[in-house]
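Numbering-wise, the sequence shown is residues 303 to 644 according to the working numbering. Don't be surprised by glycine CBs; every beta carbon is placed ideally from N, CA and C. Presented below is the structure to which this report refers.
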Amino acid sequence: MYSTEELVRALNVRDLTDPARGPHAMQLLIADLKAALHNPREVRHHPLVPVEHNYEHLGYPADAITRDARYTRYVSQTCMLRSHTTAMIPPALREVTPDVTLLCPGLVHRRDTVDRLHTGTPHQLDVWRISTAEEPLDDLIHTVVTTLLPGKRYRTVDAQHPYTTHGKQIDVEHDGRWVEIGECGRAARHVLKHHPHGLALGLGLDRVLMLRKGIPDIRLLRNEDPRIAAQMLDLDEYRPISRHPAAIRDISIVADGNDDAETLGDRIRALVPEDVVEEIEILAETPSEELPEHVRERLRALPGQKNVLIRVTMRAPERTLTDRETNEIRDRLLQGLRATAP
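See the structure below:
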């Protein structure tokens, strides 16, 4: 469960989709889509939500892996920080009549890997079309993708989601490879309830904005360097500032056998500034039972634990980190990760 201090820190993270928190290019994406969808109803709810809105009412089974405390930020047994903006849909559907398009933007909270494409506090946008007659899903996909990423080739791949039928994943082509930007499908009957028909579509707004502007690192979206922050106020192509050299440090820790890149990444974000650590790469994992006895004794590794070799890449977008700074970060990670291992 989240402590009061952790909850306050999480709730203070700026939602870049919210004009009340200051202007940002992400809001321009939403404005463009609102115009293309002919003035949909915008829905904004507090990120602290009932667990049932995030999971049960959307059809997630009780044993879904995503509900595990390792991946979900629970505040209590019945309350959590939403892990997707789709959590706004169940209460919103109780307040609308048929023939409406819902636009639900916002910040979400999840445990994720640490690299240039991922963050523990991404932004999402849910687009739901509620109608009295069945409408083509492909038309909604086309409108959304061509509005937000004009000129990009896209494709859909069959996928399954608890709250849709005939689900699809949406990919766009970038630099010769396919990049996932969202998911969609026909809204499932258990979610729609009394509404006749519905289409559901969800997007990762951080990734869409990065693709739209050619931004190479997700940390730049929040960077406060004036040369970078000024570029986050429009949808023009990103103009790189001088790229500073990376500093790489390898660390070896003892972790619980169930720990993975997401849970370790979450611990690392709590220990060091997220704008300094560019990427975390797990180089090797060795169960304690497979370690040589002298290594196991030196590490004090217990049964059920494992030795994890982690490569930490550090790079500050606006300056070069000193050796002293990077070594201090390495030492802080070593101490903090060892302290949190069982």
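Pairing H546 with T565, the inter-Cα distance amounts to about 28 Å.
DSSP lists Q607 as the bridge partner or partners of D558. Close CB contacts of Y362 within its chain, under the 6 Å cut and outside five residues either way in sequence, are with P464 (chain order).
Per the coordinates, the alpha-carbon of D477 lies some 21 Å from the alpha-carbon of I443. Proximity to T415 across G484, D562, T403 and Q329 peaks at D562, based on C-alpha coordinates. About 16 Å separates the beta carbon of G484 from that of G500, a gap too long to meet the 8 Å contact definition. L427 is positioned such that its CB atom lies no closer than 9 Å to that of P452.
Within the same chain, and ignoring the five residues on either side of K515 in sequence, the residues whose Cβ sits closer than 8 Å to its Cβ are A327, Q533, L537, D538, E539 and Y540. The C-alpha of E587 is placed about 14 Å away from the C-alpha of P594. Cβ neighbours of Q329 within its own chain (closer than 7 Å, five residues either side excluded): T319 and P321.
In the DSSP annotation of this structure, the continuous segment of the beta strand (DSSP E) that includes H499 starts and ends at H499 to G506. The DSSP-derived three-state label of D536 is coil.
Following the DSSP letters along the chain, one finds G638 inside the alpha helix (DSSP H) bounded by residues D625 to T642. The Cβ neighbour count for M390, taken over all protein chains shown within 10 Å, is at least 16; the residue is labelled buried.
Check the Cα spacing between R551 and each of P619, R491 and I612: the tightest is with I612. Taking 9 Å as the cut-off, the beta carbon of N525 is found closer than this to the beta carbon of P619. DSSP places Q471 in the uninterrupted beta strand (DSSP E) bounded by T466 to H476.
Annotation: the continuous alpha helix (DSSP H) that includes M328 extends over A327 to A338.
When rounded, the separation of the alpha-carbon atoms in L494 and G487 is 13 Å. Sequence-distant Cβ neighbours of T445 in its own chain, meaning closer than 6 Å and more than five residues away, are A338. Put simply, the backbone Cα of R369 is about 9 Å away from that of Y376.
Under the three-state reduction of DSSP, M512 is assigned to helix. Non-local C-beta neighbours of T458 in its own chain, meaning closer than 7 Å and more than five positions away in sequence, comprise I443, K470, Q471 and I472, ordered along the chain. When beta bridges are read from the DSSP output, I550 appears opposite T615. In the three-state reduction of the DSSP assignment, E580 falls in the strand class.
As summarised for the segment 372-433, the continuous alpha helix (DSSP H) elements at least 4 residues long and confined to that stretch are 391-395, given in chain order. One thing to note: I570 has its Cβ no nearer than 9 Å to the Cβ of L636.
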